[in-house]
Amino acid sequence: MRSAQAGDGAAYARLLAAATPIIRGVVRRHWSEALEPEDLVQDILLALHQVRHTYDPDRPFLPWLLVLARNRLIDIQRREFRRRRIESTIEAMPETFRAEESNWDATVNGVDGKELRAAIARLPDGQRTAVELLKLGELSLKEAGEKSGMSTSALKTSMHRALKTLTKRLAGPST
Amino acid sequence: MNTDQLIVALTAELAPVRRLRPPAFRTFLWLLVALPWIALVVTVVGPRDDLPDLLGDRSWMFLQMATFATAMSAAMAAFCAGVPGRPRWEHFVPAVPFALWLSVPVVDLLDSLKSGDVAQLAFAPDWICLPGVILVGFGPGAAMVLALRRGAPVHPGLAAFLGGLAAAALGSFGLQLFHPQDASLMVLVWQIGSVMLLTLMSAGVGHRLLTWKAVIGEASGFRRSASPHVKQS
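For the record, the sequence lines run as chains G and B. The numbering of the first sequence is the working numbering, which starts it at 1 and goes up by one. The numbering of the second sequence is the working numbering, which starts it at 176 and goes up by one.
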């Protein structure tokens, strides 16, 4: 870690590779089934990266890592439980008409269906695939992954980016 | 992105980081900011008339030293709370000077009850204490928030509690330099009471001030967007 703090990328890669199984162990012990365990591991790695300046080389590394991992894990899961208390999942989006084409042409919540379709068509390949499979095709992450060959994490990230792009494009002046 | 890819992304073009200084040194830096602020407030408001006499009063000097020691130890403990893996006993160190600080008016009060000294038992509303402590403690408090945000938010509530105690204790220390209030009951209720109130309020906002979101940013938010369709209830 001392080398990593000094900017040695190779030493940092070795450290993170060695720390990952330890973090997985912490996640396994404290996992509450709220989120994907590997997502939690990645979140803890991100946290470690952001606060690596707080490590004191005169002190042992393992207690630093374990306290960091445990606290971050508790924080993420607590937030997730809190979020689930105030949000509910809607399996079916409201439809104006049964026929799919009708919904494409309708204006729902101030968004023109044609405009939305055009915006989706202009998305980069990965993002468009994620939208088409997860939102339009209503496939699960697993099914979408099998169909597209993309990993679950890549699908989630692409979906997130696609939503951000679409929100931005549809909120701004029409292009 | 899988975990191996994340590690590659994190290690690519790794920049050196400025290591967090030891808590004692950070406390020293905090005092370097806090003390001029107190000096400024005392100068602007004007020191109390009997200040030269009080410098020879052992009881008052002990009260002030205990207040200052509480502020320093609480600041150091707050900085320790922002470093993962440090021993837990460090968080309890401020309890000792705080107990000494509290003992001054309490012992005086008990002595007064025994001897029937009504001057020490005098009680009246003194609404200047709370704003006074806030005014003097504002500079140290702001500096404390900035300093705490450099650490890791592993114990946000505790760090904010200790940081709030440090700033409020320093506020009380400064208040004693321009606000005459020597009756034990008054010191206990209005000054130490104000400090405790502000400390508890700080602890209450700790989870909002010291968040992982501020440290990691939106990078960890991808899971939220992964939920298919959500609505606020």
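C-beta: ideal position from N, C-alpha, C; glycine also. Quick caveat: nothing in here was measured; it's all calculated off a predicted structure.
Using only alpha-carbon positions, find the residue among the options that is nearest to residue i.
i, options, result
"G/S140", "G/R128, G/K156 and G/I120", "G/K156"
"B/A389", "G/T20, G/L46 and G/G25", "G/L46"
"G/L62", "G/D75, G/I74 and G/L48", "G/L48"
"G/A154", "G/T129, G/E138 and G/A171", "G/T129"
"B/L350", "B/A317, B/M376 and B/P306", "B/P306"
"B/V217", "B/Q366, B/G346, B/L363 and B/I367", "B/G346"
"B/A322", "B/A199, B/D283 and B/V268", "B/A199"
"B/A344", "B/G314, B/P259 and B/H382", "B/G314"
"B/T374", "B/A250, B/L352 and B/V362", "B/A250"
"G/L35", "G/A6, G/Y55 and G/R78", "G/R78"
"G/R24", "G/G126, G/L65, G/R59 and G/T54", "G/L65"
"B/R196", "G/V27, G/G113, G/S88 and G/D56", "G/D56"
"B/L215", "B/I182, B/L238 and B/L352", "B/L352"
"B/D292", "B/S248, B/T242, B/L360 and B/P269", "B/L360"
"B/V362", "B/T242, B/V268 and B/L333", "B/T242"
"B/A317", "B/I182, B/A270, B/V183 and B/A209", "B/A209"
"B/G312", "B/R201, B/V183, B/A246 and B/V219", "B/A246"
"G/V131", "G/V41, G/W31 and G/R161", "G/R161"
"B/S248", "B/L372, B/W302 and B/R201", "B/R201"
On the criterion of 16 or more Cβ atoms from any shown chain inside 10 Å, does residue i qualify as buried, or is it exposed?
i, result
"B/M236", "exposed"
"B/R261", "buried"
"B/Q180", "exposed"
"G/Y12", "buried"
"B/G221", "exposed"
"B/P161", "There is simply no residue 161 of chain B to check, as chain B begins at 176 and stops at 408 in what is shown."
"G/R52", "buried"
"B/T186", "buried"
"B/D283", "buried"
"B/P272", "buried"
"B/P280", "buried"
"G/T167", "exposed"
"B/F348", "buried"
"G/A171", "exposed"
"G/I74", "exposed"
"B/L337", "buried"
"B/P227", "exposed"
"B/G381", "buried"
"G/S88", "exposed"
"B/G339", "buried"
"B/W264", "exposed"
"G/I26", "Checking the sequence shown, residue 26 of chain G turns out to be Val, not Ile. Burial call: buried."
Using 8 Å for Cβ pairs, my map puts residue i next to residue j. What's the rounded Cβ distance?
i, j, result
"G/E80", "B/T178", "19 Å between Cβ atoms; not a contact."
"B/S460", "B/L296", "Residue 460 of chain B lies beyond the range of chain B shown here (176 to 408); nothing can be said about it."
"G/L136", "G/A144", "With a Cβ gap of about 11 Å, G/L136 and G/A144 do not count as contacting."
"B/R324", "B/L285", "Actually they are not in contact, since the Cβ atoms of B/R324 and B/L285 sit about 42 Å apart, beyond 8 Å."
"G/T165", "G/L116", "Rounded, the Cβ-Cβ distance is 12 Å, inconsistent with contact."
"B/S290", "B/A335", "With 8 Å as the limit, B/S290 and B/A335 do not qualify as a contact, their Cβ atoms being about 41 Å apart."
"G/A119", "G/R169", "5 Å"
"G/A6", "G/L15", "The pair is not a contact, with the Cβ atoms about 12 Å apart (cut-off 8 Å)."
"B/M319", "B/A299", "Not confirmed; about 32 Å, so no contact."
"G/S158", "G/Q127", "5 Å"
"B/V268", "G/T54", "Not a contact, Cβ separation roughly 20 Å."
"G/I76", "G/D43", "6 Å"
With DSSP as the reference, please indicate the residues paired to residue i in a beta bridge.
i, result
"G/D146", "Note that residue 146 of chain G is Glu in the sequence shown, not Asp. Per DSSP, none; premise fails for G/E146."
**OP:** Determine contact between the region 252 to 271 of chain B and the region 193 to 208 of chain B, defined as no fewer than three beta-carbon pairs at a distance below 8 Å.
**Re:** Contact between the region 252 to 271 of chain B and the region 193 to 208 of chain B is present: three or more C-beta pairs spanning the two stretches fall below 8 Å.
Original post:
Counting Cβ pairs, one atom from each stretch, are 3 or more of them under 8 Å apart for the region 69 to 89 of chain G and the region 19 to 31 of chain G?
Top reply: For the pair of segments examined, the region 69 to 89 of chain G was found to touch the region 19 to 31 of chain G: the number of CB pairs separated by less than 8 Å reaches three.
**OP:** Inspect the CB distances between the region 366 to 378 of chain B and the region 308 to 324 of chain B and report whether three or more fall short of 8 Å.
**Re:** These segments touch.
Original post:
Are there three or more Cβ pairs, one per stretch, closer than 8 Å when the region 353 to 363 of chain B is compared with the region 318 to 335 of chain B?
Top reply: No, the region 353 to 363 of chain B does not touch the region 318 to 335 of chain B.
Subject >> Segment contact, 8 Å Cβ cut-off, at least three pairs: the region 191 to 200 of chain B with the region 227 to 245 of chain B >> reply: The region 191 to 200 of chain B makes no contact with the region 227 to 245 of chain B, as fewer than three CB pairs between them are under 8 Å.
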